[in-house]
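Residue numbers (our numbering): 34 to 303. Please read the structure below before turning to the comments.
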Ligand code: MBD
Ligand code: FE
């Protein structure tokens, strides 16, 4: 991935300042407003929410621009990594699962495959690095009630590129209401929610790595995501409810559960 070089920084710097100066002039930003913005930026830095706010406003545009070509080559559509990825999620043993033994929420079996974008051939031993909110809509590293890495894990697809992970249905995510990001969105009268989603980074030997997110049909937040444009129709799958006693017995659960499927496609590196 290309990152900023000194020469490119020089080009961007001049044009960025020029653009913002014109904006200030066009909107007649006053020194009082400017001081208020400085206060906001200082608080944003202190709060640790800067990556969150930046991703809410700009992450989709950057992700689309950087990775759209992979989708044109037949690969699964990418989606922004977001502010809550953590390095170092544990490699989980089989049978694959996320969450504690009695993880609150509705049990979900997420299954599917990882395939070659060109040929459709399975990618044996593809790696999935998955993270999501728990059933309470909270990410584990922020929620004091969850152990570290509770809803994060790495999983290896089998010889046919298939995987099945037992987890719980994630819940919609609300941006913290008391921080600077939440207060700004409240001032704008924008509901600060994301639809339920599951993040995944995929990789396989000889393939371009992919970061994406899965969404679920009929989620009321899909068309009102505060991260506007993030939920793509081609990344939206369906939660199937299973409530027949024989299905429940077969899966070793004690109440109705859900399944969802997704088949990922990775673009060959060459
Ligand atoms: C999230 O959980 C998220 O995935 C993104 C992209 C932005 C804010 C919160
Ligand atoms: Fe997220």
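Note that CB positions come from ideal geometry on N, CA and C, so glycine has one too.
- In the structure shown, residue 40 adopts helical secondary structure according to DSSP, grouped into three states.
- Counting other Cβ atoms within 10 Å of its Cβ, residue 128 stays below 16 and is therefore classed as exposed.
- If you draw a 10 Å sphere on the C-beta of residue 68, you find fewer than 16 other C-beta atoms in it, and that means exposed.
- Residue 166 holds the alpha-carbon nearest to the alpha-carbon of residue 205 among 88, 166 and 175.
- The DSSP-derived three-state label of residue 198 is strand.
- Looking at the DSSP output, residue 275 sits in a beta bridge with 290.
- Not a single heavy atom of the ligand FE lies less than 7 Å from the C-beta of residue 248.
- In this structure, the beta-carbon distance from residue 164 to residue 118 falls below 8 Å.
- In the structure shown, residue 237 adopts coil according to DSSP, grouped into three states.
- Per DSSP, the unbroken beta strand (DSSP E) holding residue 249 starts and ends at 243-249.
- When only Cα atoms are considered, residue 223 and residue 262 end up about 15 Å apart.
- In this structure, DSSP gives residue 161 an extended state, which the three-state scheme calls strand.
- In this structure, residue 250 and residue 271 form a Cβ contact; the two beta carbons are roughly 5 Å apart against a cut-off of 8 Å.
- Under the 10 Å beta carbon count, residue 298 is surrounded by 16 or more other beta carbons and is classified as buried.
- At least one heavy atom of the ligand FE sits closer than 7 Å to the Cβ of residue 117.
- Distance from the CA of residue 146 to the CA of residue 209, rounded to the nearest whole angstrom, comes to 34 Å.
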